[in-house]
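**Student:** Sharing a structure below in structure tokens format, with a few things to ask.
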Amino acid sequence: MSSRQAKACIVGAFEHPTRKAPDKTVAQLHAECAAGALADAGLSKSDIDGYFCSGDAPGMGPTSMIDYLNLTVRHTESTDLGGTSYISLVGHARDAIAAGRCHVALITLAGRPRSEGSSGTAPRTRAGTPEAPWEGPYGITTVNGYGMVANRHMHEFGTTSQQLAWIKVAASHHAQHNPHAMLREVVTVRDVLDSPVISDPLHRLDCCVVSDGGGALIVARPEIARGLKRPVVKVIGAGETVRSARAGDVDLTTTGAAVSGAAAFAEAGVKPADIQYASVYDSFTITVLLQLEDLGFCQKGEGGRFVADGNLISGVGRLPFNTDGGGLCNNHPANRGGITKVIEAVRQLRGEAHPAVQVKGCALALAQGTGGNLATRHGSSTLILERE
Amino acid sequence: MSKTRVMPSPGSGPDNEAFLAGAREGRLLLRHCDDCGKTHWYPRAVCPHCLSSNTQWKPASGRGTVYSHSTMQRVEPPYTLAYVTLDEGPTLLTNLVDAGPEGWRIGMPVQVRFVPTDDGTPMPVFAPGT
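Going down the list, the protein sequences come from chains A and B.
According to the numbering used here, the residues represented by the first sequence are 4 to 391, in order.
According to the numbering used here, the residues represented by the second sequence are 174 to 303, in order.
Following this line, the structure appears as structure tokens:
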């Protein structure tokens, strides 16, 4: 496997340690993340010649942030697929590098939803979108949209709240080892079921945290990566899509991961059974379950049985996931968790995860995200990463 | 549920003026494409199936079944978000009224009703039907 060619490698990864930053601007958090990723890579600011960001970047996105960071770039791009954007941007940076448009690409994310009082129970329909007149009056939020997804999956496949709770239990087992995690207490299935129902069938502990913070990644040409005296993490597969509400042909039990995952696996030439570690977007427990099915880790409808009994716990189950504690326990900066999914996959491939959760000999990892709302329209991105 | 959530107005514009006029008369309208023959939701002037501009409004029966639902219980007053699959085919986002969170089942028959939003503009919701 290690002989597989890659057009680009992830050479820098940084997760901001803050989870609450009322006295910092969003641009400042972006800059602190950029500095952290450069230090992690052992590169300097002048090495960056490509910059990538998404809808969390203030002002005119790349124009404002390239100015704030005082970068000189040959290539830039902003893509908004919600929380998964940064997983897609790794693939886009890889493609830009392969095309010779840049050599060292910086991707940043930051936001302060915790300080700004963001809540998953607040309506999220954006004014001015074409769907707003048809959806805004009904009070669609994040949590009641995903509640509908969960209720439909339960109806079609017999999935239970106990099974969903196992996803949170596994995340909490990992978060106990992360000193930066917002929720470090190990919880049980009973704890999840006893927490208040927010929007049925989802309980408070089925929901991710709301945190300030951010992260950054640096993607570079393989020759540059090999000169940095660090484990080399190759991007060997990438896929993305947007799954629409299909003009009224609604199907809430399939996500875009069915498309983005198939593309990434085909490009990488590996199968789900080959993956040793998976970062899977966990805005809610049900989010994880649907993506695992659509990626092919189990059959459609089998997700409940697959995640139960600790199967996602590192050292216990068959598929260690979100060993940083994920969005459910650790961090969901800017309400956009995609970048943390890539960061923990890089830690695992470098052997730099916490020893209690490090997957032994981790050489092949996956990072999967969705963004937007699984109940309406959402982006999906899949990355497959390999240690050289 | 004693209190009922008052919905914010959808506002009005070229995409929904005729729909709202129908709603004021108690009629649920769907957008239909005369070129490809398909009906879609949410309504658009340009058909999302074939990109034809040859679309028009057609009345719907107002009958459907619950595709999925979720009741927001940590807000006051609680309310039920749902997808309803209309007898004509499309599934639309809406609210369910006249039953508590324990009263809803996927597959239940429902019937449209129009309720005023905060500026009086009516929007369709669904109540238990037969």
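Yeah, the Cβ is synthetic: ideal placement off N, Cα and C, and Gly gets one too.
All values reported here derive from a predicted model rather than from experimental measurement.
#1: Could you tell me whether the Cβ atoms of Gly85/A and His381/A are closer together than 8 Å?
#2: Shortest alpha-carbon distance to Leu259/B belongs to which of Gly280/B, Gly237/B, Met180/B?
#3: Return the residue from the list Arg178/B, Lys211/B, Arg286/B, Pro301/B that minimises the CA-CA distance to Pro263/B.
#4: Does the Cβ of Met185/A have 16 or more other Cβ atoms within 10 Å, making it buried, or fewer, making it exposed?
#5: In whole angstroms, give me the CA-to-CA distance for Ser202/A and Asp207/B.
#6: Using only the alpha-carbon positions, how far apart do Ser5/A and Thr256/A sit?
#7: Check the Cβ of Gly306/A against every Cβ in chain B and list those closer than 9 Å, keeping chain order.
#8: Quick one: list the residues of chain A neighbouring Ser241/B, beta-carbon separation under 7 Å, in chain order.
#9: Restricting to runs no shorter than 4 residues, where is the alpha helix (DSSP H) found entirely within the stretch 204-238 of chain A?
#10: Report the rounded CA-to-CA distance for Asp59/A versus Gly302/B, giving the unit in angstroms.
#11: Do the stretch 196-211 of chain A and the stretch 352-361 of chain A meet, that is, are 3 or more Cβ pairs less than 8 Å apart?
#12: Quick check: Thr290/B and Asn268/B, are their CB atoms within less than 8 Å of each other?
#13: From the DSSP output, in three-state form, read off Tyr256/B for me.
#14: Using a Cβ-Cβ cutoff of 9 Å, what residues of the stretch 185-214 of chain A are near chain B? List them in chain order.
#15: Can you give the beta carbon distance from Asn325/A to Val283/A, rounded, assuming they're within the 8 Å contact cut?
#16: Do you know offhand how far Pro295/B's Cα is from Gly199/B's?
#17: Give the single residue among Ala113/A, Lys363/A, Asn376/A, Thr21/A whose Cα lies nearest to the Cα of Leu220/A.
#18: By the three-class DSSP mapping on this structure, what secondary structure does Pro295/B have?
#19: Relative to the C-alpha of Gln279/A, which residue among Glu270/A, Leu292/A, Ala223/A, Asn314/A is closest?
#20: Do Pro20/A and His183/A have their beta-carbon atoms positioned less than 8 Å apart in this structure?
#21: Which chain B residues sit within Cβ distance under 8 Å of Glu35/A?
#22: Among Val213/A, Ala168/A, Ser49/A, Leu205/A, which one has its Cα closest to the Cα of Arg193/A?
#23: Cα-Cα, which of Arg229/A, Arg350/A, Leu377/A, Gly375/A is closest to Gly364/A?
#24: Counting C-beta neighbours from all protein chains within 10 Å, is the total for Gly227/B 16 or more, i.e. buried, or is it exposed?
**Tutor:** Taking the definition as stated:
#1: yes
#2: Gly237/B
#3: Lys211/B
#4: buried
#5: 40 Å
#6: For Ser5/A, the pLDDT reaches just 47, beneath the cut-off of 50, and the residue's location in the model is therefore unreliable, although a value from the coordinates is still provided. About 36 Å.
#7: Within chain B, no residue comes near Gly306/A; the closest Cβ sits about 17 Å away, beyond 9 Å.
#8: Met151, Asn154, Arg155, Leu255
#9: 225-229
#10: 44 Å
#11: no
#12: no
#13: strand
#14: Pro199, Val200, Ile201, Ser202, Asp203, Pro204, Leu205, Arg207
#15: 6 Å
#16: 9 Å
#17: Ala113/A
#18: strand
#19: Asn314/A
#20: yes
#21: The contacting residues do not exist; Glu35/A stays about 34 Å from chain B at best.
#22: Ala168/A
#23: Arg350/A
#24: Before going on, a small fix: residue 227/B reads as Asn here, not Gly. The residue is exposed, with fewer than 16 neighbouring Cβ atoms inside 10 Å.
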